[in-house]
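Engineer:
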Amino acid sequence: MNPTSIFIILILVSFATSTPTPLKRQDQLNGFTQCKGSFANSITALSHTPNPVVTGQNITVHLAGTATEIIKQGTTIVYTAYFKDEPTKVAFQHEQDFCEVFVKQSGSECPVKKGDYSFTASWFIEKHPDEPKNVVEYSFNISVFDSDGKILSCVNGPIKVSYS
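In mature numbering (1 follows the signal peptide of the UniProt record, and there is no 0), the protein residues as written are -18 to -1, 1 to 146.
#1: Asn23: buried (16+ other C-beta within 10 angstroms of its C-beta) or exposed?
#2: Is Glu113 helix, strand or coil by DSSP?
#3: Can you tell which of Ile53, Asp67 and His76 has the C-alpha that lies nearest to the C-alpha of Gly97?
#4: Which residues in the same chain as Ala46 place their Cβ atom closer than 6 Å to its Cβ, once the five residues preceding and following it in sequence are excluded?
#5: May I have the straight-line CA-CA distance separating Phe65 from Asp130, to the nearest angstrom?
#6: Buried or exposed, going by whether 16 or more other CB atoms sit within 10 Å of the CB of Thr31?
#7: Under 6 Å Cβ to Cβ from Ser135, same chain only, skipping five residues before and after it: list those, please.
#8: Work out the CA separation of Lys71 and Glu82 for me, nearest whole Å.
#9: Return helix, strand or coil for Cys92, following the three-state DSSP convention.
#10: DSSP beta-bridge partners for Pro140?
#11: Ignoring anything shorter than 3 residues or poking outside the stretch 2 to 53, list the beta strand (DSSP E) runs there in chain order.
#12: Tell me whether Phe74 is buried or exposed, calling it buried when 16 or more other Cβ atoms sit within 10 Å of its Cβ.
#13: Helix, strand or coil for Ile77? Go by DSSP, reduced to three states.
#14: For Ile141, does the count of other Cβ atoms within 10 angstroms reach 16, so buried, or fall short, so exposed?
#15: With a CB to CB cut of under 8 Å and the five nearest residues on each side skipped, what residues in its chain are close to Gln87?
#16: Considering Tyr64, what are the terminal residues of the beta strand (DSSP E) in which it resides?
#17: Is the beta carbon of Cys92 less than 8 Å from the beta carbon of Thr57?
#18: If you draw a straight line from the C-alpha of Lys95 to the C-alpha of Pro111, how long is it?
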């Protein structure tokens, strides 16, 4: 056997015995998952800074997705936090005008046409005198509703809040 043949055989053996390393893809939803059911618009990316959220500071949220239904004026986004150890007990809920907070801050206007979208928004997280003084993890639901109350998008996931 000549040296070239031996080299080729060694290369083929090394490929045959090597174990592929799976690529670790970054979780675009950062621990959130689509809610059960079918919704017209999907959220494909969600992130926030700081992480954990800190009361008394601004939060910046990036939200991207695909709309198969137009996002019109009057659309709202509702954040509902549940106690982690009591998943049916609401800790707090906050509602915002989706077009005012996300769409306009990103330099666009409603209606948002069908297709892919990507918005970034920032707002101040109020402190309250009776809040705890530690980090609390909540089960969080984010739902986007049209003006008739129909859910357009929905995700669930964990979120930590640092109360200082």
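Every residue gets a Cβ at the ideal spot worked out from N, C-alpha and C, and that includes glycine.
All values derive from a computational prediction rather than experimental measurement.
Structural biologist: To lay it out plainly:
#1: buried
#2: Coil at Glu113, not helix or strand.
#3: Ile53
#4: Closer than 6 Å at the Cβ level, and outside the excluded window around Ala46, lie Thr26, Ala27 and Ser100.
#5: So the two alpha carbons sit approximately 29 Å from each other.
#6: exposed
#7: Phe21, Asn23, Ile25 and Val126.
#8: Going from the Cα of Glu82 to the Cα of Lys71 covers about 29 Å.
#9: coil
#10: Ser121
#11: Counting only runs of 3 or more residues that sit fully inside the stretch 2 to 53, the beta strand (DSSP E) segments are 23 to 31 and 40 to 49, in chain order.
#12: exposed
#13: With the sequence shown as reference, residue 77 is identified as Glu, and Ile is not the correct amino acid for it. The answer is strand: DSSP assigns Glu77 an E or B state.
#14: buried
#15: Here the set comprises Phe101, Thr102, Ala103 and Ser104.
#16: Thr58 to Phe65
#17: yes
#18: The straight-line gap from Cα to Cα measures roughly 42 Å.
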